[in-house]
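According to UniProt numbering, the sequence shown is numbered sequentially starting from 1.
Built from N, CA and C at the ideal position, the CB exists for glycine as well.
This report refers to the structure that appears directly beneath it.
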Amino acid sequence: MLRTIAATTSSTGLTVHAELDSGEYPTGVRISDEDIAALPITRHRFHGDWNYTFHPADHHPCPGFPRQRGRSAGGSDSLMPHDLRHPELTGMSRKQLGDLTDALVPGLEEHREQVRHAARGGPRRVARGTGRKPTLTPADQILVTILYLWKHALPELLGQLFNTTAMTISRAVKDVRPLLQAHGVTVPASTARFHTPDDIAAFLAPDETKIKPAC
């Protein structure tokens, strides 16, 4: 791994010096999500979980800094649903996400009907599909839960991305999480944190850095 890192050369010819830190450090120290979110980090498009730059504490992005290629300044308007299903955000391939969605949707719809039955106090009186449409589709509820469990974003940002409220996001997570557990699906927390739609767009933007083989 050390040789792989040292073999990195950027498209502009920038090289890397890497050496192993053999120092000893205390173990068992826990860092909160708030601490991580406050760090001045710019994550690289290639494995941003461990490949990132720490900026000085007083770092402020320059307003005139050019944006990544392929993305507009339109915030969430520049992110499509297809983007939010990117494997680097979900931790699984698009096919795996699709298969998981197909497996969870029946249980999610059954749970939703049970909740409505309890709220009505009895069986439905109108034909299925004639009532108020939910803000999030079952597939969206599953996707938003996966993104939330990865801890990529708070419910407020997810609500902005899915054109709904943070409360709706939290409710979706509450409904979907037990289904994931029942299917033995564990979603590990990521260290990648996003505060705005532009953060996600920049993270997903194409990058031209080349990684040379170590041997």
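At the level of alpha carbons, what is the spacing between residue i and residue j?
i, j, result
"THR8", "HIS17", "9 Å"
"ILE169", "ARG85", "16 Å"
"GLY184", "TRP50", "26 Å"
"ALA172", "LEU100", "16 Å"
"PHE54", "LEU136", "36 Å"
"TYR52", "GLU110", "43 Å"
"LEU89", "TYR25", "31 Å"
"VAL144", "GLU34", "20 Å"
"ASP175", "GLY98", "18 Å"
"LEU179", "VAL105", "9 Å"
"ALA189", "HIS152", "8 Å"
"ASP102", "ASN163", "23 Å"
"GLY64", "THR191", "Here the model assigns GLY64 a pLDDT of 38, short of 50, so the residue's position is not dependable and the matter cannot be decided."
"THR27", "GLU113", "47 Å"
"GLN96", "PRO134", "25 Å"
"LEU157", "SER32", "19 Å"
Could you tell me which of the options sits nearest to residue i, measuring between CA atoms?
i, options, result
"GLY159", "TRP150, ALA201, GLN141, VAL176", "GLN141"
"LEU14", "LEU20, ASP21, ILE5", "ILE5"
"GLN181", "GLY107, ASP35, PHE54", "GLY107"
"GLY91", "LEU147, PRO40, PRO81, ALA38", "LEU147"
"ARG3", "LEU143, THR145, GLU19, PRO206", "GLU19"
"ARG193", "THR12, LYS174, LEU154, ARG177", "LEU154"
"VAL187", "TRP150, MET1, LEU204, ALA201", "TRP150"
"PRO40", "ARG30, PRO56, GLY28", "PRO56"
"PHE203", "ASP21, LEU79, THR12, PHE162", "LEU79"
"PRO81", "SER10, GLU156, LEU161, ASP21", "LEU161"
"ILE200", "ASP21, ASP83, SER22, THR12", "ASP83"
Could you spell out where the alpha helix (DSSP H) holding residue i opens and where it closes?
i, result
"THR168", "166-182"
"ALA202", "197-204"
"HIS82", "81-84"
"PRO87", "87-90"
"GLU156", "155-161"
Considering only DSSP beta bridges, list what residue i is partnered with.
i, result
"THR15", "THR9"
"PHE54", "ILE41"
What three-state label does DSSP hand residue i in the structure shown?
i, result
"VAL29", "coil"
"LEU136", "coil"
"GLY108", "Residue identity check: residue 108 is Leu in the sequence provided, not Gly. Three-state result, LEU108: helix."
"THR186", "coil"
"ASP102", "helix"
"ASP21", "coil"
"THR191", "coil"
"LYS95", "helix"
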